[in-house]
Structure formats: structure tokens, C-alpha cells
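>
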Amino acid sequence: MTAPGAAGRCPPTTWLGSLLLLVCLLASRSITEEVSEYCSHMIGSGHLQSLQQLIDSQMETSCQITFEFVDQEQLKDPVCYLKKAFLLVQDIMEDTMRFRDNTPNAIAIVQLQELSLRLKSCFTKDYEEHDKACVRTFYETPLQLLEKVKNVFNETKNLLDKDWNIFSKNCNNSFAECSSQGHERQSEGSSSPQLQESVFHLLVPSVILVLLAVGGLLFYRWRRRSHQEPQRVDSPLEQPEGSPLTQDDRQVELPV
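Under mature numbering (1 follows the signal peptide of the UniProt record, and there is no 0), the letters of the sequence shown match residues -32 to -1, 1 to 224, in that order.
1. Out of Asp99, Gln58, Val103, state which residue places its alpha-carbon closest to the alpha-carbon of Ser84.
2. Would you kindly report the start and end of the unbroken beta strand (DSSP E) that includes Arg104?
3. Checking the sheet assignment: what are the DSSP bridge partners for Thr34?
4. Which residue from Trp132, Leu177, Leu43, Gln79 puts its Cα closest to that of Gln17?
5. What residue does the alpha helix (DSSP H) around His15 start on, and which one ends it?
6. Quick check: the Cα distance between Asp131 and Ser25, rounded to an integer number of angstroms?
7. Which stretch, first to last residue, makes up the alpha helix (DSSP H) that contains Glu82?
8. Taking buried to mean at least 16 other C-beta atoms within 10 Å of its own C-beta, is Asp129 buried or exposed?
9. Tell me the residue span of the alpha helix (DSSP H) that contains Tyr49.
10. Evaluate contact between the segment 92 to 106 and the segment 29 to 42, counting only Cβ atoms and requiring at least three cross-stretch pairs below 8 Å.
11. May I ask you to report which of helix, strand or coil DSSP gives Asn122?
12. Do Cys31 and Cys90 have their beta-carbon atoms positioned less than 8 Å apart in this structure?
13. Let me know if Thr34 comes out buried or exposed under the rule of 16 or more other beta-carbons within 10 Å of its beta-carbon.
14. Hey, out of Leu185, Ile23, Phe37, Ala53, whose CA is closest to Ala76's CA?
15. Does DSSP classify Cys7 as helix, strand or coil?
16. Determine whether the beta carbon atoms of Thr92 and Ser136 lie at a separation below 8 Å.
17. Compare the Cα-Cα distances from Leu111 to each of Val175, Arg189, Leu19 and report the closest residue.
18. Helix, strand or coil for Ile(-2), going by three-state DSSP, please let me know.
19. To the nearest angstrom, how far is the alpha carbon of Asn138 from that of Ile60?
20. If we ignore side chains and look at the alpha-carbon of each, how far apart do Phe37 and Val172 end up?
21. Indicate whether Val120 and Ala53 have their beta-carbon atoms separated by less than 8 Å.
22. Measure the alpha-carbon distance for Leu185 versus Arg192 and round it to whole angstroms.
23. Should Ser174 go down as buried or exposed, given a rule of 16 or more other Cβ atoms within 10 Å for buried?
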């Protein structure tokens, strides 16, 4: 039996569940607002000044270093470019940008590494199979590398100021296009060695024939010259017996 007035009432657990749901929604909203403010103001002008000081303190040199970075010719989308570049900058700061411990430059790098770790929450992760997509090897000076890193932080700050959620964009399609372009380049590259090998096989016999022809010509000229030189040397000195005296010999003879 149902107690009078109980019909139409919700059990206490129902009201409790609704209350908990409302609390969760409000909490998630507040957390979202905190994250948005956190991402928008995470990169400060002080970080950019530290990067500029790193650039200004570098010695100008023609020596180049090797590092992997985003190929902007393949990846045109600015948001996807920065998503990819942000991950690579973390590796560069850890593996390439090294300074002596406890120096101002080393301290600045540590601060930038801590900043990049905090920035991870503002970037959604894409498929791991595209980790190497749109990436190529660069050979540049340390100064050029630092300018690339500063540009990544500067552009990231500008986009986060406009939209804190901008790096939640799905870039898998853009990365997949780079992967397909990379496979095409590899296929073209695999055919080029075959072409070079065929050219090499044709070129080597031709060079050998030319060298043989030149060597034969030089040998012929040497033999011909060796036959002519003895005749030129012996002709004025050797005279057959009983030959008449020359005009000079007659002038030298004295009458008896």
C-alpha cells in the first residue's frame, strides 16, 4: 500500500542525485573557466623577454646544428603548425638547447621547460602515428633555432589570447596529408637512386673509352717524336767515308 500523499513524490535518493549532478555541473563550469583563464595568461611578456635575452647573448657563428622541426611548407594551417611545433620545442629545449649549469641562460631554459609542461593542458593530443608527420631535419645556426623557438611561444600566446580553446582543434587530417606527401617523396627518392645507378653504368664506360683514346694518342705522339729525334741528331755529325769535303773543310785545309 501507498501512504496517503506519497504518490507523485520523488524518493529522497532522486533529489540527492539531482543535487549532486547540479553541483558537478557548477564545479566543471568553474574548472573550465579557470582553465580558460589559465591558458590565456600562461605565457607572459617575461618569458618572451627571456627568449630575447637568449638570442641577444648568442655569439654569431656560421656553425650549424641539426634538429627536427615542422616543415611549414607542408603544414599550412597555423593552429596545427603550432600544435606540432610546441611538442618539438619541448624536445629541442631538453636535447639541444643546453647551457652551463646555474648560468642565466640555463635558468631561463629551465623556466621555459616548466612553462611548456604547464601549457600541455591547453593542447589536445592527436594520433601518435602522426608524430613524425610534417617534420623534417633542419641545419641552421643556434641563433636561427632560438628565433624559431621564440616565434612558437609568441604565436602561441597570441592565439591563446584570442581563444583559450583554440588548440583543441583536431589536426589529424592535416597531419595525414603531410604523411601522404612524405610517402610520395620517399617513392620519388627511391626511384632517383635507380636513375643515378643507370647513369653511372653508362657514364663509366664512356669515361674509360675517352681515357684510352687520349692515352693512345699521347703514346703515338711520343713514339713518333722518339723516332724523329735520333735522325735530327745524327745527320750533321755522321758522314760516310770518302765523302767530298764541305766548303768549311776546304777553307780549313792548308796547301802542302
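Glycine is no exception: its CB is placed at the ideal position from the N, C-alpha and C atoms.
Short version:
1. Selected option, being the one with the closest Cα: Gln58.
2. Boundaries of the beta strand (DSSP E) around Arg104: 103 to 108.
3. Tyr107
4. Of the candidates Trp132, Leu177, Leu43, Gln79, Gln79 places its Cα closest to the Cα of Gln17.
5. 13 to 24
6. 33 Å
7. First-last of the alpha helix (DSSP H) with Glu82: 72 to 87.
8. exposed
9. 46 to 63
10. yes
11. helix
12. no
13. exposed
14. Ile23
15. helix
16. yes
17. Leu19
18. Annotation note: pLDDT 39 at Ile(-2) (below 50); position unreliable, no value reported.
19. 24 Å
20. 40 Å
21. yes
22. 11 Å
23. exposed
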